[in-house]
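Notes follow once the structure below has been shown.
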Amino acid sequence: MCRTGGVPDPPETGDEASTDAAFTALLEDSAEDLYESAPCGYLSTMMDGTIAKINNTLLDWLGLDREAVAGRKRFADLLTIGGKLYHETHFAPLLRMQGELRGIALDMRRQEGGPLPVLVSAVIKHGSEGEPLLIRITVFDASDRRSYEKELLHRRKEAERAHAEADEARRQAEADRTRLAEALAVLQRSLVPDSLPAVPGVETAVHYHTAAPDQLGGDFYDLFPVSGGRWAFFLGDVCGKGPEAASLTSLTRYTLRAAAHHDPDPASALTTLNAVLHERYTGDGDPRYCTCIFGIIEPGGDHGPTTVRLASGGHPPALVLRSDGRAEYLPTPGGLLIGVLPGAPIGTAETVLAPGDTVVLYTDGLTEARTGPGRDDLYGEDALHAFATDHAPASPMEVITALTGLLESFGDGLDDDTALLALGVPAAPSLITPSTTSHAS
């Protein structure tokens, strides 16, 4: 062969010759061979569904002989019971109405191996006058697709079940947390008094802030009468949190109450507590301790001054707001943590409260609250002193209200429990009825 213009064609390579041979063989393949050996099933039926022609591919899939099918069976006979029902109620009516259908999922009956999932397309062939002559049907093996769909459905059901189980687990966890919080709240209330008793000639107020509602706090306080018209009060903070802290708090409160009734001297009460905690916890290798400030208030009434005597074991100093607008700490130097040593030193202090004076006890959750943009600074005793000076003079209720607002202003910087207890002499004793107010948060 020569190209146009007499230029000879380049000689064929081996690959080109092989491709030409394959193409020539494909052209020699008869239409009948293509029909019979197609990768899908073909069949043609009369309008009543009687099979007139069917290819080898579909016969092999179904395990049938041509003689048993052509002219003897209808297309619906090749379907499963469910497929036959769908054919009669949907497939055949829609085909007559529309003239063609595409991609209809059906199941065909095989002689062996169970049903064969297929996708069926059908078209009606019409004559020159428009009359329907026969139905041509194409069948595609959908086994792999059906398996894939079943696997997707299975995975979807598994995901839905896992999602439902996760939702149920979350609901159960929330219910458990609610029950735990309720139980902890009840137990927490059992560790501090529900309310403070009324003290003649003295006003009182208290506030308790729990940093973590799902944990038992370690702060405690109490106020109760002792002999001679005097009243004992204390406030402190045990180490740790949770059940161990609750156990230590309970032991501390009841020890102090018992010690005060035996000997109301503040230093003696803390000395007794120190001995009890040291003996109870040091021997088992798990020492427990607390800070505590213990006081005795002796109301003077209309005939004398109200005196307050304090003892402290490692606790922040009490703060007094005076009626003349001053604020001052009552230092108790030298006091050591209660329970650490068998003979821990106790710091003491004494003051007189005039009408309008208020003494405030607090735990270190207040002074160790974190402030500043990065929450890197501690609030500290200097800032507390300045705050008290700004609010003096103030009644116990007014002081506790102001300090509660201060705690709220710390936001997430307040990460520890905080207890506040205030006692004061009314500014006008003859006009004010002694009262007790208890707050908790």
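Start counting the sequence shown at 1289; every next residue gets the next number (our numbering).
Every residue gets a Cβ at the ideal spot worked out from N, C-alpha and C, and that includes glycine.
Give a yes or no on whether the C-beta atoms belonging to Phe1508 and Thr1540 are separated by under 9 Å.
yes
For Lys1341, the three-state DSSP class (helix, strand or coil):
strand
Along the beta strand (DSSP E) that carries Ile1584, what are the first and last residues, could you check?
Note, Ile1584: beta strand (DSSP E), Cys1578 to Glu1586.
Report back the beta-carbon spacing between Ile1626 and Leu1695 to the nearest angstrom; my notes put them in contact at under 8 Å.
Incorrect: roughly 25 Å between the Cβ atoms, too far for contact.
Contact check, Gly1623 vs Gly1631 under 8 Å by CB: the rounded distance?
That belief does not hold up - the Cβ atoms of Gly1623 and Gly1631 are roughly 13 Å apart, past 8 Å.
Taking C-beta to C-beta, are Ala1520 and Ile1584 nearer than 9 Å?
Their beta carbons are under 9 Å apart, which means Ala1520 touches Ile1584 by this criterion.
Can you find the residues in the same chain that come closer than 7 Å, C-beta to C-beta, to Leu1641, ignoring five residues on each side of it along the sequence?
Thr1594, Val1596, Val1647, Gly1712 and Val1713
Can you tell me the Cα-Cα spacing of His1673 and Gly1660, whole angstroms?
18 Å
Of all the options Ala1563, Ala1671, Arg1663 and Ala1676, which has the alpha carbon lying nearest to the alpha carbon of Gly1613?
Ala1676
Which of the three DSSP states is assigned to Arg1390 in this structure?
strand
Just confirm the distance between the C-beta atoms of Leu1544 and Ala1555, as a whole number of angstroms; I'd bet it's less than 8 Å.
Not quite, the Cβ-Cβ distance comes to about 12 Å (not below 8 Å), so this is no contact.
Is Asp1665 closer than 9 Å to Arg1658 when the C-beta atoms are compared?
yes
Nearest to Ile1369 by CA position, among Ser1683, Pro1403 and Met1334, is which residue?
Pro1403
If distances are taken between C-alpha atoms only, which option among Asp1553, Pro1552, Gly1573 and Ala1547 comes closest to Val1564?
Ala1547
Proximity of Leu1649 and Leu1691 at Cβ, strictly below 9 Å
no
Suppose you measure from the CA of Ala1599 to the CA of Thr1579; what does that come to, to the nearest Å?
11 Å
Between Gly1644, Gly1351, Asn1343 and Arg1397, which lies nearest to Asp1365 when the distance is taken from Cα to Cα?
With distances taken between Cα atoms, Asp1365 lies closest to Arg1397.
From Leu1511, Leu1350, Glu1324 and Pro1619, residue whose alpha carbon lies closest to that of Asp1429:
Leu1350
Our contact map puts Leu1347 next to Tyr1374 with C-beta atoms below 8 Å; I'd like the distance itself, whole angstroms only.
No, Leu1347 and Tyr1374 are not in contact; Cβ-Cβ is about 23 Å, not under 8 Å.
Other residues of its chain near His1730: CB distance less than 6 Å, five sequence neighbours each side excluded:
Residue 1730 lies beyond the residue range present for the chain, which begins at 1289 and ends at 1729; the question has no answer from this structure.
Measure the alpha-carbon distance for Ala1606 versus Arg1465 and round it to whole angstroms.
37 Å
With burial defined as no fewer than 16 other Cβ atoms inside 10 Å of the residue's Cβ, what is the status of Ala1637: buried or exposed?
Buried, because 16 or more other Cβ atoms sit within 10 Å of the Cβ of Ala1637.
DSSP three-state call for Tyr1569: helix, strand or coil?
helix
Simplified DSSP state of Thr1620, which is helix, strand or coil:
In this structure, Thr1620 counts as coil in the three-state DSSP scheme.
Within 8 Å: the Cβ of Asp1336 and any heavy atom of the ligand NAD?
Ligands are entirely absent from the displayed structure, and the ligand NAD is therefore not among its contents.
Comparing C-alpha positions only, which one of Arg1444, Ile1339 and Pro1587 sits nearest to Pro1513?
Pro1587
Could you tell me if Tyr1577 is buried or exposed, where buried requires 16 or more neighbouring beta carbons within 10 angstroms of its beta carbon?
buried
Closer than 7 Å by C-beta to Ala1326: which residues in its own chain qualify, once you throw out the five before and the five after it? Chain order, please.
Asn1343 and Thr1345
Can you name, in chain order, every residue of its own chain whose Cβ lies under 6 Å from the Cβ of Glu1656, other than the five neighbours on each side?
Contacts found: Leu1666.
What did DSSP end up calling Pro1717 once you bin it into helix, strand or coil?
Because the pLDDT at Pro1717 is just 46, under 50, the model does not fix this residue reliably, and the value given afterwards should be weighed accordingly. Assignment of Pro1717 by DSSP, reduced to helix, strand and coil, places it in the coil class.
Proximity below 9 Å, CB of Asp1590 to CB of Ser1611
no
Just curious, the alpha helix (DSSP H) that Glu1686 is in, first and last residue?
Pro1684 to Ser1697
Assigned secondary structure, His1591 (DSSP; H/G/I helix, E/B strand, else coil):
coil
Which residues does DSSP list as the beta-bridge partners of Ser1519?
For the record, residue 1519 in the displayed sequence is Trp; it is not Ser. According to DSSP, which records beta bridges pairwise, Trp1519 is partnered with Pro1513 and Ile1585.
Find the nearest neighbour of Val1427 within the set Val1408, Glu1417 and Leu1421, judged by alpha-carbon distance.
Measuring from the Cα of Val1427, the nearest candidate turns out to be Val1408.
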